[in-house]
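Participant: Got a structure here, written out as structure tokens. Questions coming.
There are 2 protein chains.
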Amino acid sequence: MSIRDLARHLDISIGTVSRALNGKSDVNPETRERVLVAAKKLGYVPNQSGRSLRQGTTNTIGFMIESTIETADNGGSFFMPVFEGVQSVFRRHHLDLVALLCGTDEDPAAYLNRVVGRRFVDGLIISATMRKDPRIKFLLEREIPFVALGRSATGGAYPWIDLDFEGVAATAVTRLINFGHKRIAIGVPASDINLGYVFRDGYKRALKANGVPFDPELVLPAHSNEEGGYQVASSMLEQKHLPTAVILVNENMAIGLYRRFYEAGIHPGRDVAVIGFRESTQSRFLSPTLTCFRISLRDLGIKLAEALLSTMPAFKDSYPQDRVAMVWPMELVPGESDRSWRPNASS
Amino acid sequence: MSIRDLARHLDISIGTVSRALNGKSDVNPETRERVLVAAKKLGYVPNQSGRSLRQGTTNTIGFMIESTIETADNGGSFFMPVFEGVQSVFRRHHLDLVALLCGTDEDPAAYLNRVVGRRFVDGLIISATMRKDPRIKFLLEREIPFVALGRSATGGAYPWIDLDFEGVAATAVTRLINFGHKRIAIGVPASDINLGYVFRDGYKRALKANGVPFDPELVLPAHSNEEGGYQVASSMLEQKHLPTAVILVNENMAIGLYRRFYEAGIHPGRDVAVIGFRESTQSRFLSPTLTCFRISLRDLGIKLAEALLSTMPAFKDSYPQDRVAMVWPMELVPGESDRSWRPNASS
DNA sequence: TTGAGCTCCGTAAACGTTTACGATTTCATA
DNA sequence: TATGAAATCGTAAACGTTTACGGAGCTCAA
Chain U
0 MSIRDLARHL
10 DISIGTVSRA
20 LNGKSDVNPE
30 TRERVLVAAK
40 KLGYVPNQSG
50 RSLRQGTTNT
60 IGFMIESTIE
70 TADNGGSFFM
80 PVFEGVQSVF
90 RRHHLDLVAL
100 LCGTDEDPAA
110 YLNRVVGRRF
120 VDGLIISATM
130 RKDPRIKFLL
140 EREIPFVALG
150 RSATGGAYPW
160 IDLDFEGVAA
170 TAVTRLINFG
180 HKRIAIGVPA
190 SDINLGYVFR
200 DGYKRALKAN
210 GVPFDPELVL
220 PAHSNEEGGY
230 QVASSMLEQK
240 HLPTAVILVN
250 ENMAIGLYRR
260 FYEAGIHPGR
270 DVAVIGFRES
280 TQSRFLSPTL
290 TCFRISLRDL
300 GIKLAEALLS
310 TMPAFKDSYP
320 QDRVAMVWPM
330 ELVPGESDRS
340 WRPNASS
Chain E
0 MSIRDLARHL
10 DISIGTVSRA
20 LNGKSDVNPE
30 TRERVLVAAK
40 KLGYVPNQSG
50 RSLRQGTTNT
60 IGFMIESTIE
70 TADNGGSFFM
80 PVFEGVQSVF
90 RRHHLDLVAL
100 LCGTDEDPAA
110 YLNRVVGRRF
120 VDGLIISATM
130 RKDPRIKFLL
140 EREIPFVALG
150 RSATGGAYPW
160 IDLDFEGVAA
170 TAVTRLINFG
180 HKRIAIGVPA
190 SDINLGYVFR
200 DGYKRALKAN
210 GVPFDPELVL
220 PAHSNEEGGY
230 QVASSMLEQK
240 HLPTAVILVN
250 ENMAIGLYRR
260 FYEAGIHPGR
270 DVAVIGFRES
280 TQSRFLSPTL
290 TCFRISLRDL
300 GIKLAEALLS
310 TMPAFKDSYP
320 QDRVAMVWPM
330 ELVPGESDRS
340 WRPNASS
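Heads up: the sequence lines are chains U and E, in that order. Be aware that the first sequence starts at 0, since it is given in numbering that gives the first Met the number 0, and climbs by one per residue. Be aware that the second sequence starts at 0, since it is given in numbering that gives the first Met the number 0, and climbs by one per residue.
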């Protein structure tokens, strides 16, 4: 069922059929109607390969997600709403979104080279940016349209949107200090993911702004999952004085952290204050509920899509923004995990 | 950088270049070497559209995931290992895997029609099959190669692999009955997802096999997330006699269920036995740790890939299996949530 | 009556591959 | 030397689109 079959069936040239289907102006409204009706009746869908070959464009955008330990564990509940937002924008422009899955045994840059070299997508959204991210360098020098969910220390000017981990750290630290805490630990990713650096810097800066000395022993690297949270708690318990509060960079860590503290007879929310990261169904139903930060993930997806489109020549007129480079706000959602207990109430 | 540029650069015909790159036999080893070296040096990657158009095949397989409530919340930790397994097989055949994201506002069958009609993929893996799943009907009548992760009540013969929810139900019920339980509740998905029906049937059959009467009041529909678990616990608390045990179909539900019981002063694992579903980092770090079932997700992915390839003409010789229609085994992992308390120890 | 302008449509080239087919060369053998 | 087979390579068609270009038919004012 190619366009040729359709044209033969209608006894019209294939050029006219193509123009009719693509909404070109120089076609009789009456014949256009005939074409559209026949196309629907015969179930004709244009072959994407033929179209791509001719137009040099695929109408497809790739969202690259790596299956690393850092992202695998909260992948579903985080990315799905983002996808929804992205798609809601793309749909208006007849763009399709696919998730590009880079396996753990494949080099991300090599994967990108393959998929981009094949002209598989017109543009890319990459996420979980590393401090040194070869993907950014690669995409920049090939001039592939892309937007990064996350900053990077890689040089060059490119569009990015990053969660406000600096703001999160500042808000959390200030809040805890106002509650009377002085020894505030943080759990940071053990990997080279850039948000870890941002988070650490924000933490240090907030301490300094509040006149609390920085203690490197309170920075606890761990994987961003339950096991990592367990280890963070263990590290805290090993210290001579148990830190009175801890800030986590991932909500799954809270589960493991709670567990370890329970095992030690310590009640989070009563004996130690905990602030987690992302508000979710999970954080609302933990015991104690987790004080954390809310993100509008769907809006984030929308903004990502718009940022990408503004870099693509074909859409530049519809989205004439400057290169997007912004920090995405997050709102604190108070829970039970940092409120029941105040060090200044007992000392 | 097309094959034509490469041919010109080497002063060879493009036909020979193509044959050299594709490993055809009728090409001088020496010129092949030259071609390969030049291709790598100039960074030539064949254009997929051109290739697809000529060959009628895209070398791409789509894994369709819908962002429903049922799948969104455990999407990452469940699907990522499956993807890994699928990819490990595909890589050997130079097939690329992409995740197809069907938004919530789009009809899954319509989405499938678009992506399949465009000749975007050579084959499909669909998941989260519904009891009546129009996707299966659609794919069958178009003769698109596919495999389903999950059964369906839709007619027709198609390859599928389904988690052994019947076996899970039987194992859990028998275990609890052996512990002395008689009033065993189950939380089942509120949606039309097929696993809910399988799970329910297995539950009923296991009760009957053990001579325990079936009480429809103990079947509690809920969403497969924390909130659903909370509601399951609420429903249990509303009954005249609190059921002594509950089996959940999703591990996230356990968090909400624990929460509701804690609020009521009831300790899961001591006052009520809980068996959850999938073993994961999460279930290992809950308090109490969740008795649940382990799945080898990577192997599942491998099997899915093989099942799909065996239905594709181009690979039928490498995977000459019959149509796969199998139940995937799961292994019970004892936790703390169903052991501390035994109704027969106190009565 | 002429021709200008418009509407509508057909023709054919082009996108980048792969591959069937045939042409050329080499080389051993009759 | 003539013949045939084998090895190697070039030619050109084909895949399904889109689109630049031109042509046919029509209207209408000059």
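Quick reminder that beta carbons are idealized off the backbone N, C-alpha and C, glycines included.
So, is the C-beta of ALA344/U closer than 9 Å to a C-beta in chain E?
Facilitator: Along the first sequence, one-based indexing puts residue 344/U at 345. Confidence at ALA344/U is low in this model, with a pLDDT of 43, below 50, so its placement is unreliable and no value can be given for it.
Participant: Which residues of the stretch 265-281 of chain U have a Cβ closer than 8 Å to any Cβ of chain E? Give them in chain order.
Facilitator: The stretch 265-281 of chain U vs chain E, Cβ under 8 Å: THR280 and GLN281.
Participant: Evaluate contact between the stretch 253-264 of chain U and the stretch 315-331 of chain E, counting only Cβ atoms and requiring at least three cross-stretch pairs below 8 Å.
Facilitator: As far as the Cβ criterion goes, the stretch 253-264 of chain U does not touch the stretch 315-331 of chain E, which means the pair count is below three.
Participant: For LEU35/E, is the classification buried or exposed, using 16 other Cβ atoms within 10 angstroms of its Cβ as the cut-off for buried?
Facilitator: As a working note, residue 35/E is residue 36 in the second sequence. LEU35/E is exposed by the Cβ-count criterion.
Participant: Around the Cβ of GLY268/U, are there at least 16 other Cβ atoms within 10 angstroms (buried) or fewer (exposed)?
Facilitator: Position 269 of the first sequence holds residue 268/U. Label assigned to GLY268/U: buried.
Participant: Along the chain, where does the alpha helix (DSSP H) containing VAL16/U start, and where does it finish?
Facilitator: One-based indexing of the first sequence puts residue 16/U at position 17. Its alpha helix (DSSP H) spans residues 13-20.
Participant: ALA156/E by DSSP, collapsed to three states: which one?
Facilitator: Your numbering for residue 156/E matches position 157 in the second sequence. Residue state, collapsed to three classes: coil.
Participant: Let me check one thing: in DSSP terms, what residues is THR290/E bridge-paired to?
Facilitator: As a working note, residue 290/E is residue 291 in the second sequence. Beta-bridge pairing links THR290/E to ILE274/E.
Participant: Check the C-beta distance from SER357/E over to ASN46/E and give it rounded, since I have them as a contact under 8 Å.
Facilitator: In the structure as shown, chain E starts at 0 and stops at 346, and residue 357/E therefore has no counterpart that could be examined.
Participant: Applying a beta-carbon distance threshold of less than 7 Å, which residues of chain E neighbour ILE254/U?
Facilitator: As a first step, residue 254/U is located in the first sequence; it is residue number 255 there, counting from the start. In chain order: GLN281, PHE284 and LEU285.
Participant: Is GLY186/E close to chain U? Criterion is C-beta to C-beta, closer than 9 Å.
Facilitator: In the second sequence, the residue the question calls residue 186/E occupies position 187. With 9 Å as the cut-off, GLY186/E does not count as an interface residue toward chain U.
Participant: Terminal residues of the continuous beta strand (DSSP E) containing ILE185/E?
Facilitator: Counting from 1 along the second sequence, the entry for residue 185/E is found at position 186. Run containing ILE185/E: 183-188, per the beta strand (DSSP E) assignment.
Participant: According to the neighbour-count rule (16 or more other Cβ atoms, all chains shown, within 10 Å of its Cβ), is PRO333/E buried or exposed?
Facilitator: On the second sequence, residue 333/E is found 334 positions in, with the first residue counted as 1. Counting Cβ neighbours within 10 Å, PRO333/E comes out exposed, since fewer than 16 surround it.
Participant: Under 6 Å Cβ to Cβ from ARG118/U, same chain only, skipping five residues before and after it: list those, please.
Facilitator: In the first sequence, counting from the first residue as 1, residue 118/U sits at position 119. None.
Participant: For the stretch 90-101 of chain E, which residues have a beta carbon sitting closer than 8 Å to at least one beta carbon of chain U?
Facilitator: Cβ contacts with chain U come from ARG90, ASP95, LEU96, VAL97, ALA98, LEU99 and LEU100.
Participant: For ASP252/E, count neighbouring C-beta atoms within 10 Å of its own C-beta (all shown protein chains included) and say buried if the count is 16 or more, exposed if not.
Facilitator: For the purposes of this step, residue 252/E is taken as residue 253 along the second sequence, with counting starting at 1. Note that residue 252/E is Met in the sequence shown, not Asp. Its Cβ being crowded by 16 or more others within 10 Å, MET252/E is buried.
Participant: Which class does SER126/U belong to by DSSP, given the choice of helix, strand or coil?
Facilitator: Looking up residue 126/U in the first sequence gives position 127. SER126/U: strand per DSSP, three-state reduction.
Participant: Does chain U have any CB closer than 9 Å to the CB of PRO45/E?
Facilitator: Residue mapping note: residue 45/E aligns to position 46 of the second sequence, counting from 1. For PRO45/E, the answer is yes, since a Cβ of chain U falls inside 9 Å of its Cβ.
Participant: Is there a C-beta anywhere in chain U that falls below 9 Å from the one on GLN238/E?
Facilitator: For the purposes of this step, residue 238/E is taken as residue 239 along the second sequence, with counting starting at 1. By this cut-off, GLN238/E is not an interface position.
Participant: So if I threshold CB-CB distances at 9 Å, which residues from the stretch 110-121 of chain E count as touching chain U?
Facilitator: The residues in question are ASN112, ARG113, VAL114, VAL115, GLY116, ARG117, ARG118 and PHE119.
Participant: At what residues does the alpha helix (DSSP H) containing THR59/E begin and finish?
Facilitator: Here residue 59/E refers to the residue found at position 60 when the second sequence is read from its first residue. Run containing THR59/E: none in the alpha helix (DSSP H); it sits in the beta strand (DSSP E), 59-65.
Participant: For the beta strand (DSSP E) that LEU285/U lies in, which residues bound it at each end?
Facilitator: Within the first sequence, the letter at position 286 stands for residue 285/U. Run containing LEU285/U: none; DSSP gives neither H nor E here.
Participant: Using DSSP's beta-bridge definition, name the partner residues of PRO267/E.
Facilitator: Translated into positions along the second sequence, residue 267/E becomes position 268. According to DSSP, which records beta bridges pairwise, PRO267/E is partnered with VAL271/E.
Participant: In terms of residue numbering, what span does the alpha helix (DSSP H) encompassing LEU111/U cover?
Facilitator: Working through the first sequence from its first residue, we reach residue 111/U at position 112. Taken as a continuous stretch (DSSP letters only), the alpha helix (DSSP H) holding LEU111/U covers 107-116.
Participant: From the DSSP output, which residues share a beta bridge with ALA98/E?
Facilitator: Within the second sequence, residue 98/E is the residue found at index 99, counting from 1. According to DSSP, ALA98/E bridges with ALA98/U and PHE62/E.
Participant: Looking at THR173/E: is its Cβ nearer than 9 Å to the Cβ of ALA208/E?
Facilitator: Within the second sequence, numbered from 1, the residue matching residue 173/E stands at position 174. Within the second sequence, numbered from 1, the residue matching residue 208/E stands at position 209. The answer is yes: Cβ separation under 9 Å.
Participant: Have a look at THR290/E, ALA324/E and THR288/E and flag the residue whose alpha-carbon is nearest the alpha-carbon of GLU305/E.
Facilitator: Taking the second sequence and counting its residues from 1, the one referred to as residue 305/E is at position 306. Among THR290/E, ALA324/E and THR288/E, the Cα nearest to that of GLU305/E is on ALA324/E.
Participant: Look at the Cβ atom of ALA221/U, then the Cβ atom of VAL231/U, and state whether they are nearer than 9 Å.
Facilitator: Counted from its first residue, the first sequence places residue 221/U at position 222. Counted from its first residue, the first sequence places residue 231/U at position 232. Yes; because the gap between Cβ atoms is below 9 Å, this pair is in contact.
Participant: How should GLN86/E be labelled, buried or exposed, when 16 other C-beta atoms within 10 angstroms of its C-beta is the threshold for buried?
Facilitator: Numbered from 1 along the second sequence, position 87 holds the residue referred to as residue 86/E. The residue is buried, with at least 16 neighbouring Cβ atoms inside 10 Å.
Participant: Check the Cβ-Cβ distances between PHE137/E and every residue of chain U, and say whether any is below 9 Å.
Facilitator: Stepping through the second sequence from its first residue, residue 137/E is reached at position 138. Closer than 9 Å: no.
Participant: Establish whether the CB of ASP104/E and some CB of chain U are separated by less than 9 Å.
Facilitator: Counting from 1 along the second sequence, the entry for residue 104/E is found at position 105. Chain U contact via Cβ: present.
Participant: Suppose you measure from the CA of PHE198/E to the CA of PRO287/U; what does that come to, to the nearest Å?
Facilitator: Taking the second sequence and counting its residues from 1, the one referred to as residue 198/E is at position 199. Taking the first sequence and counting its residues from 1, the one referred to as residue 287/U is at position 288. Rounded to the nearest angstrom, the two C-alpha atoms are 31 Å apart.
Participant: Using 8 Å for Cβ pairs, my map puts GLY195/E next to GLY228/E. What's the rounded Cβ distance?
Facilitator: The residue labelled residue 195/E in the question sits at position 196 within the second sequence. The residue labelled residue 228/E in the question sits at position 229 within the second sequence. With 8 Å as the limit, GLY195/E and GLY228/E do not qualify as a contact, their Cβ atoms being about 15 Å apart.
Participant: Cα-Cα, which of ASN193/U, ILE176/U, GLY186/U and ILE183/U is closest to THR153/U?
Facilitator: What you label residue 153/U is simply residue 154 of the first sequence in a count that begins at 1. Considering only alpha carbons, the answer is ASN193/U.
Participant: Please list the partners that GLN320/E has in chain U, where partner means a Cβ-to-Cβ separation under 7 Å.
Facilitator: As a working note, residue 320/E is residue 321 in the second sequence. Chain U residues near GLN320/E: none, gap ~24 Å exceeds 7 Å.
Participant: Does the Cβ-Cβ distance between ILE185/E and TYR202/E come in under 9 Å?
Facilitator: One-based indexing of the second sequence puts residue 185/E at position 186. One-based indexing of the second sequence puts residue 202/E at position 203. A contact, by the Cβ cut-off of 9 Å.
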